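Everything below concerns the one structure shown next.
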Amino acid sequence: MSRPTLTFFEIDKLDIDELSKDELRLAFFHNIDLIYYLNKGKTAEQLREYRIAIQSGVDEDFINLHVGWEVIRYIRMLHNQGYKLDFLRKYMKSPKGKPALEEDTLVKVLKCHLTHNTSSIDFLNVKRDLVDGFIYGLSKGYDLTPLVRVGMKLDEDILYLLINLIGSHIDVRPFINKTWTAEQIEAILRAKPVINPPSLIQNYINNKFTGGQIEEVVKGIRFGDGKLVSKKDEDGNPIYNEYQMYEIVEGIRFGLRTEEYSNPNMSDFEMRQIREQLMSQKDLHGHNNRGRLRANKPKKIFVK
């Protein structure tokens, strides 16, 4: 801590506002020199935060000239509550240099750190528009380290979906190794009562399935044959479109001979015709076990 370079009377003669003089006087009584900060054009409010921070014993390495009073206040609060400030060094490498993080981001990180450890996340690797999402996840106590590697690539909707997965104790690594849309992830989340999302991805689907196709696969699993509905070609593409999957799921559901029409080369219309014929035959033989509930059909025009 440097000693004041001005006497009490010299402070009185300065051509500055009275509030700033008051801060210099208080600093003088505590053997703190604020003239350096005053010469940088700081307001009385900023001088007050500098004074209290230094008076509280905050390392002057963290009293940065290029940030506003709010940053300094949160740094002081962290120090007073016994937090180590080393996590800040990557963001504020020098008290004289401009911080590596934007000030609004720095404020959010410091505020969050008061209640939840943020040191596991390097916010230099997080897009600015995703900062609030990461802060939200940390404030919930979630381990967001799996998301750090993709913090510059995600969009906001996907980030919040992944955070919700983490909150549901679901391994998100399968989602961040490939590109998934919000629609796909939402369909996978809805599948949770039927099948655990990691098992769904590992055994049945990939990111080449649309959200609608994923929903049909889940119905197939529910009715006993998800493998048939989720068949893929050698490139990993689903061999059935969404409507074809629906026809197969209906067949599985009512115990029809799906092998008679589970052919991806058939048109949607042909598959429907055969499935309805099989259903009619079953009705004639008195084996109609259709209930009132019916799976929702995909909205699609038949192709003959």
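In terms of the working numbering, the sequence shown is residues 77 to 380.
We treat Cβ as the ideally placed atom computed from N, Cα and C, and that holds for glycine.
On a predicted model such as this, the values are computed, not experimentally measured, just so you know.
- For residue 175, there is no enclosing alpha helix (DSSP H), as DSSP gives it neither H nor E.
- Looking at the DSSP output, residue 229 bridges to nothing.
- The beta carbon of residue 137 sits closer than 6 Å to the beta carbons of 171 from its chain, once the five residues preceding and following it are set aside; these are given in chain order.
- Inter-residue distance for residue 211 and residue 337 is about 51 Å (C-alpha atoms, whole angstroms).
- In the three-state scheme derived from DSSP, where H, G and I count as helix and E and B as strand, residue 274 is classed as helix.
- For residue 105, the closest C-alpha among the options 115, 118, 82 is that of 82.
- Between residue 324 and residue 305, the CB-CB gap stays under 7 Å.
- For residue 250, the secondary structure class from DSSP, reduced to helix, strand or coil, is helix.
- Residue pairing by DSSP puts residue 308 in a beta bridge opposite 314.
- Counting the other CB atoms within 10 Å of its CB gives residue 178 a total below 16, which places it among the exposed residues.
- For the 7 Å CB-CB criterion, residue 289 and residue 314 form a contact.
- In the three-state reduction of the DSSP assignment, residue 202 falls in the coil class, being assigned neither a helical nor a strand state.
- Residue environment analysis places residue 221 among the exposed positions, since fewer than 16 neighbouring C-beta atoms fall within 10 angstroms of its C-beta.
- With a contact defined as Cβ atoms closer than 8 Å, residue 154 and residue 186 qualify at about 7 Å.
- Comparing C-alpha distances from residue 217 to each of 227, 230, 193, 98 shows the shortest one belongs to 193.
- Put simply, of 174, 85, 149, 127 the residue whose alpha carbon is nearest the alpha carbon of residue 103 is 127.
- Taking the Cβ atoms as the reference, residue 207 lies roughly 6 Å from residue 184, within the contact range of under 8 Å.
- Residue burial is scored here from C-beta neighbours: residue 322 has at least 16 other C-beta atoms within 10 angstroms and is therefore classed as buried.
- In this model, residue 245 and residue 228 are separated by some 23 Å (Cα to Cα).
- For residue 145, the enclosing alpha helix (DSSP H) has its first and last residue at 145-156.
- Counted as a single uninterrupted DSSP element, the alpha helix (DSSP H) harbouring residue 123 occupies residues 120-131.
- Between the alpha carbons of residue 270 and residue 296 lies a gap of roughly 10 Å.
- In terms of CA proximity to residue 332, 357 leads the group 357, 316, 160, 318.
- In the DSSP annotation of this structure, the continuous segment of the alpha helix (DSSP H) that includes residue 265 starts and ends at 258-266.
- For residue 110, the CB contacts under 7 Å within the same chain, skipping 5 residues up- and downstream, are 99, 100, 103, 123, 126, 127 in chain order.
- In this structure, residue 291 and residue 263 form a Cβ contact; the two beta carbons are roughly 5 Å apart against a cut-off of 8 Å.
- Look at residue 285 here: in three-state DSSP terms it is coil, with no helix or strand label.
- One Cα belongs to residue 307, the other to residue 163, and the distance between them is close to 49 Å.
- Ranking 237, 301, 299 by CA distance to the CA of residue 273 puts 237 first.
- Separation of residue 156 and residue 191 (C-alpha to C-alpha, rounded to the nearest whole angstrom) is 13 Å.
- Taking the CA atoms as reference points, residue 182 sits about 8 Å from residue 167.
- Its chain contains 258 as the residues whose beta carbon lies nearer than 8 Å to that of residue 233, once the 5 sequence neighbours on both sides are disregarded; these appear in chain order.
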